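First up is the structure itself, then whatever we jot down about it.
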Amino acid sequence: MTTGLLRTGGRIYGILFCIFMLAPMIVVLGASFTGEGYISFPPPSLSLRWYQEVYHNDTFMRALRYSLEIAAITAAASGALGVAAAVVLVNRGIPGRGLLVTLATMPLTLPHIVLSIALLQLFGQFAVPTAPYALLAGHILITAPYVLRLTMSSLGGLDPRLELASYTLGASYAQTLVRVVLPLGMRGITAGLLFAFLLSFDEVTISLFTALPGAQTLPAEIFNYASQGADPIIASASGIMIIISALGVVAIELSFGLLRMIAGEERPRRS
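Each residue of the sequence shown is one higher than the last, beginning at 50 in this note's numbering.
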């Protein structure tokens, strides 16, 4: 009986948790389809009018293109850094491995506003333009650790005998890495790249602090627009972000099992 109550309570908690997490997005998406000139939920009438307004708004469309460009560059750079670090740190024999992993993932524990201020001071110290360099640096700092963890999770489950067989057949370390290790770990690498893209696309705090006026990402542009007033075009622009992000997360989960990889850390390598 106790087990049954715990199971029922767990299900109720899970349902309430999902409602709590999804309710804001549902409200925004619902309001984005209103046919009226004001934000309301549920919408009195349904229309794509405000999505058309976003499409014809040069500011929002320029910000959307800029967000996609920054996200693509961030994903590529985070992928290069994260995969390279994972190849080294997946080896449990590395001295100070635990400390190195902790240091590599430390940006995840810092508030983004702190990172933004630190980047502004750092780039200002060396007289380097903040945009787009500080913007990209900030996005890479918060996305590379995810690529690292997902890649380590994927590489950690590989059978080391496959590498040994490659060496036995005369392959060098570089050949083994390129032809054996990385292809077998491609599941985690690809998931990490896509996840980095989505995180960069949705990032607002670092973008607000480091981007220049006229070169804002979509989240920052939405924030600036909302600070001057609120109308349904804000809901529609936000709806575009929600839809892109939701489709990306669902695709990653269905293709690569993202939640399992994040929760499971890296699996121990078999001997």
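Just so it is clear, CB atoms sit at the ideal spot from N, CA and C, and this is done for glycine as well.
Owing to the predicted nature of the structure, the values given are computational and were not obtained by experimental measurement.
Check whether Leu267 and Ala286 have beta carbons under 9 Å apart: Position 218 of the sequence shown, counting from 1, holds the residue named residue 267. Position 237 of the sequence shown, counting from 1, holds the residue named residue 286. Yes; because the gap between Cβ atoms is below 9 Å, this pair is in contact.
What separation, rounded to the nearest whole angstrom, lies between the Cα atoms of Arg236 and Leu184? As a first step, residue 236 is located in the sequence shown; it is residue number 187 there, counting from the start. As a first step, residue 184 is located in the sequence shown; it is residue number 135 there, counting from the start. Cα-Cα distance, rounded: 28 Å.
Residues that Thr83 bridges to, as DSSP identifies them: Within the sequence shown, residue 83 is the residue found at index 34, counting from 1. DSSP lists Leu95 as partners of Thr83.
Our contact map puts Phe244 next to Tyr195 with C-beta atoms below 8 Å; I'd like the distance itself, whole angstroms only. Position 195 of the sequence shown, counted from the first residue, corresponds to residue 244. Position 146 of the sequence shown, counted from the first residue, corresponds to residue 195. Indeed, because the Cβ distance is near 5 Å, the residues count as touching under 8 Å.
Return the first residue and the last residue of the alpha helix (DSSP H) that Glu270 is part of. Mapped onto the sequence shown, residue 270 falls at position 221. It spans 267-275 - the alpha helix (DSSP H) in which Glu270 sits, taken as one unbroken run.
List in chain order: all unbroken alpha helix (DSSP H) runs of 4+ residues lying wholly within the stretch 110-178. 146-154, 161-174
Go to Leu248, then tell me how far its alpha helix (DSSP H) extends in each direction, as first and last residue. Walking along the sequence shown from the start, residue 248 turns up at place 199. 235-251 is the extent of the alpha helix (DSSP H) around Leu248.
Can you give me the C-alpha to C-alpha distance between Thr83 and Glu102, rounded to a whole angstrom? Counting from 1 along the sequence shown, the entry for residue 83 is found at position 34. Counting from 1 along the sequence shown, the entry for residue 102 is found at position 53. In a straight line, the C-alpha of Thr83 is about 12 Å away from that of Glu102.
Which same chain residues, not among the five before or five after Tyr100, have their C-beta less than 6 Å away from its C-beta? If you number the sequence shown from 1, residue 100 lands on position 51. The answer, listed in chain order, is Ser285.
Could you give the residue range of the alpha helix (DSSP H) that holds Ile189? Here the question's residue 189 lines up with position 140 in the sequence shown. That run of the alpha helix (DSSP H) goes 182-204.
Per DSSP, what kind of secondary structure is Phe90 in: helix, strand or coil? What you label residue 90 is simply residue 41 of the sequence shown in a count that begins at 1. Three-state result, Phe90: coil.
When you compare only the Cα positions, how much space is there between Gly79 and Leu95? Taking the sequence shown and counting its residues from 1, the one referred to as residue 79 is at position 30. Taking the sequence shown and counting its residues from 1, the one referred to as residue 95 is at position 46. If you take the alpha carbons of Gly79 and Leu95, they lie about 9 Å apart.
Beta-carbon spacing of Leu247, Ser294 below 9 Å: The sequence position of residue 247 within the sequence shown is 198, counting from 1. The sequence position of residue 294 within the sequence shown is 245, counting from 1. Taking 9 Å as the Cβ cut-off, Leu247 and Ser294 qualify as a contacting pair.
By the three-class DSSP mapping on this structure, what secondary structure does Leu261 have? Within the sequence shown, residue 261 is the residue found at index 212, counting from 1. Note: Leu261 maps to coil in three-state DSSP.
Looking only at its own chain, which residues have a Cβ that is under 8 Å from the Cβ of Leu169, when we skip the five neighbours before and after it? Position 120 of the sequence shown holds residue 169. Around Leu169: Thr179, Ala183, Phe258, Thr259.
Is the Cβ-Cβ distance between Ala240 and Ser203 less than 9 Å? Counting from 1 along the sequence shown, the entry for residue 240 is found at position 191. Counting from 1 along the sequence shown, the entry for residue 203 is found at position 154. Going by C-beta atoms, Ala240 is nearer than 9 Å to Ser203.
Residue burial classification, Ser221 (beta-carbon count within 10 angstroms, cutoff 16): As a working mapping, residue 221 is identified with position 172 in the sequence shown. Ser221 should be labelled exposed.
Put Ser285 into one of helix, strand or coil per three-state DSSP. To locate residue 285, count along the sequence shown from 1; it is residue 236. Of the three classes helix, strand and coil, the one that applies to Ser285 here is helix, per DSSP.
For Arg60, which residues from the same chain have a beta carbon less than 8 Å from its beta carbon, with the 5 sequence-adjacent residues on both sides left out? Here residue 60 refers to the residue found at position 11 of the sequence shown. Contacts found: none.
Inter-residue spacing [alpha-carbon to alpha-carbon] between Glu314 and Val136: As a working mapping, residue 314 is identified with position 265 in the sequence shown. As a working mapping, residue 136 is identified with position 87 in the sequence shown. Below a pLDDT of 50, predicted positions are generally treated as unreliable, and Glu314, at 47, falls in that range; the measurement from the model is reported next regardless. Whole-angstrom Cα-Cα distance: 15 Å.
Using the Cα positions of Ile289 and Tyr216, report the straight-line distance between them to the nearest angstrom. If you number the sequence shown from 1, residue 289 lands on position 240. If you number the sequence shown from 1, residue 216 lands on position 167. Their backbone Cα atoms lie some 49 Å apart in a straight line.
Indicate whether Ser127 and Thr192 have their beta-carbon atoms separated by less than 9 Å. Start at 1 with the first residue of the sequence shown, and residue 127 comes out as number 78. Start at 1 with the first residue of the sequence shown, and residue 192 comes out as number 143. Yes, they are a contact pair.
Check this for me: beta carbons of Phe250 and Ile166, under 9 Å apart or not? Working through the sequence shown from its first residue, we reach residue 250 at position 201. Working through the sequence shown from its first residue, we reach residue 166 at position 117. In this structure, Ile166 does not lie closer than 9 Å to Phe250 by Cβ.
Where does Gly219 sit, in a helix, a strand or coil, going by DSSP? Residue numbering aside, residue 219 sits at position 170 when the sequence shown is read from its first letter. Residue state, collapsed to three classes: coil.
Between Phe109 and Ile282, is the Cβ-Cβ spacing less than 9 Å? Translated into the one-based positions of the sequence shown, residue 109 becomes position 60. Translated into the one-based positions of the sequence shown, residue 282 becomes position 233. A contact, by the Cβ cut-off of 9 Å.
Nearest-angstrom beta carbon gap, Thr123 and His188 [assumed within contact, 8 Å]: In the sequence shown, the residue the question calls residue 188 occupies position 139. In the sequence shown, the residue the question calls residue 123 occupies position 74. 4 Å between Cβ atoms; contact.
Pick from Ile301, Phe90, Thr57, Ile271 that is closest to Pro73, judged by C-alpha positions: Translated into positions along the sequence shown, residue 73 becomes position 24. Of the candidates Ile301, Phe90, Thr57, Ile271, the one whose C-alpha sits nearest the C-alpha of Pro73 is Phe90.
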